[in-house]
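Student: Sequential numbering of the sequence shown, starting at 1, is according to UniProt numbering. Sharing a structure below in structure tokens format, with a few things to ask.
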Amino acid sequence: YMHRTSALELFFLSQPPVLFDFSHIEASPEGGEEAKCAGGDRSFNQAKRVYKEILKQRKQTSLRRNFFRNPKRALLKYKLQEMWVNRLLSNFEYLMLLNSFAGRSYNDLTQYPVFPWILQDYTSENLDLEQASSFRDLSKPIGAQQEQQVAKLQERFEGMRDVEQQPFHYGTHYSTPGYVLWYLIRLEPFTRMAVHLQGGHFDVPDRLFWSVGETFKNCTTSINDVKELVPEFY
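And the structure:
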């Protein structure tokens, strides 16, 4: 939860998933400095104990009994990539599973599921899906689609060396709580969250999400805006 190994999320067949956060264990005054240093492990172990206790309460359960700390092991065991390649999983299903195994959740805005921009043609009257030019280059991040954009990023990176500053290409992430609320501002409960983020009122109209095409254009020309999409677009 919030980029720490401190939570347990349960998935059910008949109701939405539930996320439990055990980060309070890290702040326990009884734990002292040792607890603070090993807080992530302590939270993880507590989540694991709770998971095992849940399984004990049911003689017959449909819950997955394998507990993986390493997502790669889980992906290999369940052969998800193989299922996707053989078209047993749709693109959407596969990406959602990858998000889940990466620790992303609808219950955590700081780690909300991420989906990539796919199309890049938002100006043609008729969209031709047979043309490669209609799609973004998925081998590159959204912030490196245009040569001019890459040149600006490299120029900034090199310029930071001159002032003895830790150089970086991107000053922001492709997914943040603010981006999620920006995209979903017209959908509750995100509307209320966005208002709360802005101090009790909506942001100025010119800064609200109003155009998919303009957003894509900005993400592929600016070096300060490199956000990807959320699952709700698909």
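Note that the Cβ used here is the ideal one computed from N, Cα and C, for glycine as well. All values derive from a computational prediction rather than experimental measurement.
How close, in whole Å, do the beta carbons of Phe101 and Leu75 come, if the pair is a contact with beta carbons under 8 Å?
Tutor: Taking the sequence shown and counting its residues from 1, the one referred to as residue 101 is at position 101. Taking the sequence shown and counting its residues from 1, the one referred to as residue 75 is at position 75. About 6 Å separates the CB atoms of Phe101 and Leu75; that is less than 8 Å, so the two are in contact.
Student: How many angstroms separate the CA atom of residue 235 from the CA atom of Phe233?
Tutor: As displayed, the chain neither begins before 1 nor continues past 234, which places residue 235 out of reach and without an answer.
Student: I need the boundaries of the beta strand (DSSP E) containing Asp21, first residue and last residue.
Tutor: Here the question's residue 21 lines up with position 21 in the sequence shown. Asp21 -> beta strand (DSSP E) spans Val18 to Asp21.
Student: Looking at C-beta atoms only, is the number of pairs between the segment 192-208 and the segment 133-144 that lie closer than 8 Å three or more?
Tutor: no
Student: Run through DSSP, which three-state label would Leu129 get?
Tutor: Looking up residue 129 in the sequence shown gives position 129. Reduced to three states, the DSSP call for Leu129 is coil.
Student: Classify His3: buried if its beta carbon has 16 or more other beta carbons within 10 angstroms, exposed otherwise.
Tutor: Taking the first residue of the sequence shown as position 1, residue 3 is located at position 3. Result: exposed.
Student: Just mark Trp210 as buried or exposed, buried being the case when its beta carbon has 16 or more other beta carbons within 10 Å.
Tutor: Residue 210 sits at position 210 when you count from the first residue of the sequence shown. Trp210 should be labelled exposed.
Student: Helix or strand or just coil, what does DSSP make of Phe168?
Tutor: Taking the sequence shown and counting its residues from 1, one reaches residue 168 at position 168. In the structure shown, Phe168 sits in coil (DSSP, three-state: anything other than H, G, I, E or B).
Student: Looking only at its chain, what residues have a beta carbon closer than 6 Å to the beta carbon of His173, apart from the 5 residues adjacent to it on each side?
Tutor: As a working note, residue 173 is residue 173 in the sequence shown. Same-chain partners within the cutoff: there are none.
Student: Ala185 and Thr176 look like a contact to me (Cβ under 8 Å); what is the Cβ gap, rounded to whole Å?
Tutor: Within the sequence shown, residue 185 is the residue found at index 185, counting from 1. Within the sequence shown, residue 176 is the residue found at index 176, counting from 1. What sits at residue 185 in the sequence shown is Ile, not Ala. Actually they are not in contact, since the Cβ atoms of Ile185 and Thr176 sit about 14 Å apart, beyond 8 Å.
Student: Any idea what DSSP makes of Phe92, helix, strand or coil?
Tutor: To locate residue 92, count along the sequence shown from 1; it is residue 92. Phe92 falls in the helix class under three-state DSSP.
Student: Rounded to the nearest angstrom, what separates Thr221 and Arg156 at their Cα positions?
Tutor: Start at 1 with the first residue of the sequence shown, and residue 221 comes out as number 221. Start at 1 with the first residue of the sequence shown, and residue 156 comes out as number 156. Thr221 and Arg156: Cα-Cα distance of roughly 14 Å.
Student: Would you please state the rounded distance, in angstroms, between the beta carbons of Val230 and Pro141? I believe it to be under 8 Å.
Tutor: As a working note, residue 230 is residue 230 in the sequence shown. As a working note, residue 141 is residue 141 in the sequence shown. 17 Å between Cβ atoms; not a contact.
Student: Taking the beta carbon of Ala27 as the centre, do at least 16 other beta carbons fall within 10 Å, making it buried, or is it exposed?
Tutor: Here residue 27 refers to the residue found at position 27 when the sequence shown is read from its first residue. In this prediction, Ala27 scores a pLDDT of 47, lower than 50, which makes its location untrustworthy; the coordinate-derived value is nonetheless stated afterwards. A residue is called buried once 16 or more other Cβ atoms fall within 10 Å of its Cβ, and Ala27, having fewer, is exposed.
Student: Could you check which residue in Arg87, Arg73, Tyr78 and Ser105 has the C-alpha nearest to that of Glu9?
Tutor: Numbered from its first residue, the sequence shown carries residue 9 at position 9. Checked all of Arg87, Arg73, Tyr78 and Ser105; the closest Cα to Glu9 is Ser105.
Student: What three-state label does DSSP hand Glu188 in the structure shown?
Tutor: Reading the sequence shown from its first residue, position 188 is the one you call residue 188. Coil at Glu188, not helix or strand.
Student: Grouping DSSP H, G and I as helix and E and B as strand, with all else coil, what is Phe202?
Tutor: By one-based count along the sequence shown, residue 202 stands at place 202. Coil, per DSSP.
Student: Looking only at its chain, what residues have a beta carbon closer than 7 Å to the beta carbon of Glu214, apart from the 5 residues adjacent to it on each side?
Tutor: Locating residue 214 in the sequence shown gives position 214, where the first residue counts as 1. So the list is empty, once near-sequence residues are dropped.
Student: Expressed to the nearest angstrom, what Euclidean distance is found between the alpha-carbon atoms of Gly143 and Gln120?
Tutor: Translated into the one-based positions of the sequence shown, residue 143 becomes position 143. Translated into the one-based positions of the sequence shown, residue 120 becomes position 120. Computed Cα separation, rounded: 13 Å.
Student: Quick check on this structure: which residue in Gly178, Tyr179, Glu188 and Gln149 has the alpha carbon closest to the alpha carbon of Tyr170?
Tutor: Residue mapping note: residue 170 aligns to position 170 of the sequence shown, counting from 1. Comparing Cα-Cα distances from Tyr170 to each of Gly178, Tyr179, Glu188 and Gln149, the minimum goes to Gln149.
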